[in-house]
Structure formats: C-alpha cells, structure tokens
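Reviewing the structure listed below.
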Amino acid sequence: MLKIILHDDRHIIPFNEPARDLRIQNKPLWLAQRDVLTPYVDREIEIRYGQQLPPVKEETIVYRDNLFFDEFYIKEFLERAQRRQQPVQAAFFADDPAFREHALPLSTSYTPYGDLYLADLWYYPEGTATDEEPVPLPIDLQAREIGYYHVPTYMASEEGDLVFQVPLRAMLAIDSWVHIFIADVVFGLFARGARFEERLKADPFFKLKILAKAMYEGKQVLESSELVQVGHNVVIDPTAVIHGPTIIGDNVTIGAGAVIDNCIIGNNVNISQGCQLMLSVVGDGAFLPFRAALFMTTFMDNSMVAQNACLQMCVIGRNTFIGAGTTFTDFNLLSAPIKARDGYGNLKDSNRPVLGGCVGHNCRLGSGLIIFPARTIESDVVLVASRKEKVITKDVTYEQSDHHHLRGGERHPRLYPRPGEKSEQKW
Numbered sequence: 002m003l004k005i006i007l008h009d010d011r012h013i014i015p016f017n018e019p020a021r022d023l024r025i026q027n028k029p030l031w032l033a034q035r036d037v038l039t040p041y042v043d044r045e046i047e048i049r050y051g052q053q054l055p056p057v058k059e060e061t062i063v064y065r066d067n068l069f070f071d072e073f074y075i076k077e078f079l080e081r082a083q084r085r086q087q088p089v090q091a092a093f094f095a096d097d098p099a100f101r102e103h104a105l106p107l108s109t110s111y112t113p114y115g116d117l118y119l120a121d122l123w124y125y126p127e128g129t130a131t132d133e134e135p136v137p138l139p140i141d142l143q144a145r146e147i148g149y150y151h152v153p154t155y156m157a158s159e160e161g162d163l164v165f166q167v168p169l170r171a172m173l174a175i176d177s178w179v180h181i182f183i184a185d186v187v188f189g190l191f192a193r194g195a196r197f198e199e200r201l202k203a204d205p206f207f208k209l210k211i212l213a214k215a216m217y218e219g220k221q222v223l224e225s226s227e228l229v230q231v232g233h234n235v236v237i238d239p240t241a242v243i244h245g246p247t248i249i250g251d252n253v254t255i256g257a258g259a260v261i262d263n264c265i266i267g268n269n270v271n272i273s274q275g276c277q278l279m280l281s282v283v284g285d286g287a288f289l290p291f292r293a294a295l296f297m298t299t300f301m302d303n304s305m306v307a308q309n310a311c312l313q314m315c316v317i318g319r320n321t322f323i324g325a326g327t328t329f330t331d332f333n334l335l336s337a338p339i340k341a342r343d344g345y346g347n348l349k350d351s352n353r354p355v356l357g358g359c360v361g362h363n364c365r366l367g368s369g370l371i372i373f374p375a376r377t378i379e380s381d382v383v384l385v386a387s388r389k390e391k392v393i394t395k396d397v398t399y400e401q402s403d404h405h406h407l408r409g410g411e412r413h414p415r416l417y418p419r420p421g422e423k424s425e426q427k428w
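According to our numbering, the residues represented by the sequence shown are 2 to 428, in order.
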C-alpha cells in the first residue's frame, strides 16, 4: 500500500514548531505515525502545503501529518475501509464521548458533516486517480469513563467527579498544546491501562500468566516484569516503587524512594531520590533531581525540572529548565472555565476543569515561580523570579523574555522563531 503524507505547516503555540516534529509518547509525531503504518505500507509520498494529490492507481492511504492515531484505530479503520471497497474518509460521531470531551475542544482540523465530524484521513482502494468522492467512515472510539471520583465539588462537576473519556482506539488532530496532553495521557497512558484491564477481563489465561509471573518473581502484580518493561543498563534503587504499566528505556538511573506509576520513561534519564512520577511521559535525556514531581505531564527530551518543583497536567518542551520550587497551578479558585489557545491562537474553553500550563522549547525558568492554569510560555523565553514578577498570570511571549535586559542575555540564542522570523542558531 502507498501512503501519501500531507504536510501541515501550522506551528503549535507556544513551541513554534509543526505538530509533526513534537513528541507524542516520547516519539516525534511523524515517527509515531510511521511505526503504526509500517505493517500496511511499503512506500510513501510527501505532499507540501498547497500541492495537489498525485493521480496514483494503487491502494492508498492519505493523511495529514498533524494526526495522532494508534495501531488499534488504524487496524479498525483499514479493515472496515477495505471491506467497503470504495474511497472513504475517517469520521467521528459527534456524540462520541472521547471525541466530544477531548478531541473536539480547541480543534481547528475537523469538518462538520451532519451528525459527524470529518478528519484528514482517507483510504482509496484503487488510488487517488478516481472521480468517486470519499464517503464518511465513522469509527467508534470505544470510550471508557476513567478517573477520580468523589473529589471536592469545587474541583470538578456538581457530582464531584473528575473523569476522562478514555478511548480503546485513539485518533485526534494535534491543533493545540492541550491535544499533546490529551494524546499522551488520556489517549495514551490511560488508554493503555484501560486496554490492559479489558484484556484481563476477557482472557483468563492472560490473567493467570500475569499472576504466575508475579508469584515467580516474588513481587506484587503491578510490579512484575509483565507490567514494568525495563531496558538495558538500568540502575534502580531497591527502595524505589514502580507500578505498571510502565516502560523504562535504556541507561536510566532511578534513585532511592522514587515512585513511578504508569509512565513512559525514555533513554538516558536520571530520576533522583524522592521523585514522584504518575501518568507522565518523560523524554530521552531528561533529568529530575530529588523530590521533583510530575503528575499527568509531558516532559520532552533533554529537559530538567529541579528539586521541589511540581508540574500537574503540563506539557514541557525540549531543552527546557524548570527551577526549584516552581509550581504550575491547575484549577481556577473561583471556578471560572479554563481557557487555552486553539490552533489559531484564540482563547477558547478547554473543556477541562483542571489543567496545568505549557512551556516551549529552549526555555529557562527560575526558581519559585507560580504559573496560573493553562498559561503558555513561548519557546526561547528566560524568566527570572522577582518581587515584581513571580506569579505568571498571562501568556509570556519571546519579546517579554527577561534575557533581553539581563547582562549576558545575548548568550541565549533564539532557536525556535515564529514562522517568517529568523533563528539565531549558529552552525
């Protein structure tokens, strides 16, 4: 099968980078797409923005490169599309809980079509050289309600529930930084746990295998090697607590008293004493000194969060430093709706009662800052905590970076300019 990749050159705020280059599940999005489609395709064509589809005459799948999809969605989509033997376009039911609650808010990529929403994913059984228009092919995401129940009512709904609609098949467009959080945590880590639970219920032999492995290793079920995958050359202190499903890469060091629960840990990561990680994705080369905490947070490659810092439901870009004691708050004390930037930079309702902030690439944040919910800090920004500027109540742009008026500020180059602006990278 041929795949045709449509480039989406829109930059995601605050990273100033297209979605395809951002990391999802600790992989660049373009690589995650390639890995999922590898069993089905044998060659590809890339189409730049504004170019026409080439008229090919062979089985073809076409998609825009800002889409995140997993192997379970693609398997169902292709099986149903091949049975139809006509051109189809991926679609969502408007009332699908996972789509309605998590994919649709802040999106700019979907096209309304009656009671459906069309996505930029097509299948042509005999190629694109056809006059036949694709028909919508809605796929049920098989949402499961998962989350926290009986939390204080001021944190969530009137019932006091803080829940997510977790799909067993995942697909969404990355139009906003919030969608990275959704793809990594809700459609990624939560979904992996939900599929594991579904398999335990459906397959008694799999359940017996898990129990037998745990008994053989003398561990609790969630700590067994069936649920905690560990790479090569990994050093784990005996007092660390690691619960699965968790994936740990190569050359990782985990210190005494660290607690890790349902996470993805990349290669060459250092997690020091007393760190707490839950439902988070930690990129390659990251460094977490003692007592740093990540909860439902994406932490991209080569970044560092210093001691006593707390990040909840946040997205942090690559090569970024978060200073000691910095706190990202995650819900409005006066119960106002949390707004975030959509794909066009407009503030819209995020449909999340609890949501952290987002920091771009190549940022340096000093110690002791407090960042309000859903605030963004643009790539290449330096922030120094002071009496005048300790609480970040608004989005911070590159022009507001402190390094512009600090002695030696010229040493901090701009590596991620906005479209049309010039990089200061020195090669």
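Backbone N, C-alpha and C fix where the C-beta goes; we use that ideal spot for every residue, glycine too.
Taking DSSP as the reference, what is the three-state secondary structure of residue i?
i: A386; result: coil
i: K76; result: helix
i: H362; result: coil
i: Y155; result: helix
i: Y111; result: coil
i: Y399; result: helix
i: L119; result: strand
i: F93; result: strand
i: Q83; result: helix
i: H413; result: coil
i: E60; result: coil
i: I339; result: coil
i: D391; result: In the sequence under discussion, the amino acid at residue 391 is Lys, which differs from the Asp named in the question. Coil.
i: L23; result: coil
i: V208; result: Residue identity check: residue 208 is Lys in the sequence provided, not Val. DSSP places K208 in helix when its eight states are reduced to three.
i: E146; result: strand
i: E227; result: coil
i: H8; result: coil
i: V355; result: coil
Roughly how many angstroms lie between the CA atoms of residue i and residue j, to the nearest whole one?
i: S368; j: V397; result: 17 Å
i: P98; j: G189; result: 16 Å
i: C311; j: R376; result: 15 Å
i: D9; j: L163; result: 33 Å
i: S402; j: P246; result: 39 Å
i: K391; j: A325; result: 13 Å
i: D251; j: F329; result: 29 Å
i: E198; j: L366; result: 39 Å
i: I5; j: N263; result: 34 Å
i: M297; j: I249; result: 17 Å
i: V236; j: D331; result: 33 Å
i: L201; j: R170; result: 17 Å
i: F283; j: M301; result: Position check: residue 283 holds Val in this sequence, whereas Phe was assumed. Their Cα atoms are separated by approximately 6 Å.
i: Y111; j: H12; result: 17 Å
i: N271; j: A259; result: 11 Å
i: A341; j: L30; result: 22 Å
i: E72; j: S387; result: 48 Å
i: G346; j: I14; result: 7 Å
Report all residues from its chain with a CB closer than 7 Å to the CB of residue i; omit the five preceding and five following residues, and keep chain order.
i: Y417; result: F16, N17, E18, G361, H362, N363, S380 and D381
i: A215; result: Q221, V222 and S225
i: H404; result: V383, G410 and H413
i: Q308; result: P290, F291, R292, A293 and A325
i: M156; result: L163, F332, P354 and V355
For residue i, report the span of its alpha helix (DSSP H) as first-last.
i: E133; result: Run containing E133: none; DSSP gives neither H nor E here.
i: R196; result: A192 to A203
i: A33; result: L30 to L38
i: H180; result: W178 to F182
Please confirm whether residue i and residue j have their CB atoms less than 7 Å apart.
i: S304; j: F291; result: no
i: G148; j: V57; result: no
i: G344; j: D185; result: no
i: P126; j: L142; result: no
i: V63; j: W123; result: yes
i: L3; j: I48; result: no
i: L107; j: K349; result: yes
i: I261; j: I243; result: yes
i: R101; j: D66; result: no
i: F69; j: L212; result: no
Sorted by chain position, which residues of the same chain lie with C-beta nearer than 8 Å to residue i's C-beta, five sequence neighbours on each side aside?
i: A92; result: Y114, L117, Y118, L119, A120, P137, L138, P139 and I140
i: K427; result: Note that K427 scores a pLDDT of 47, beneath 50, so its modelled location is shaky and nothing firm can be said.
i: I323; result: S304, M305, V306, A307, A310, L312, I317, V360 and L366
i: E133; result: Q87 and P88
Considering just the uninterrupted stretch of the beta strand (DSSP E) at residue i, what are its terminal residues?
i: I261; result: V260 to D262
i: I249; result: T247 to I249
i: R44; result: R44 to I48
i: H244; result: V242 to H244
i: M279; result: Q277 to M279
i: F296; result: A294 to F296
i: V164; result: L163 to P168
Leaving out the 5 sequence neighbours to the left and right, which residues in its chain are closer than 6 Å to residue i when beta-carbon positions are compared?
i: A257; result: D238, T240 and Q274
i: Q230; result: I248
i: Y150; result: D162
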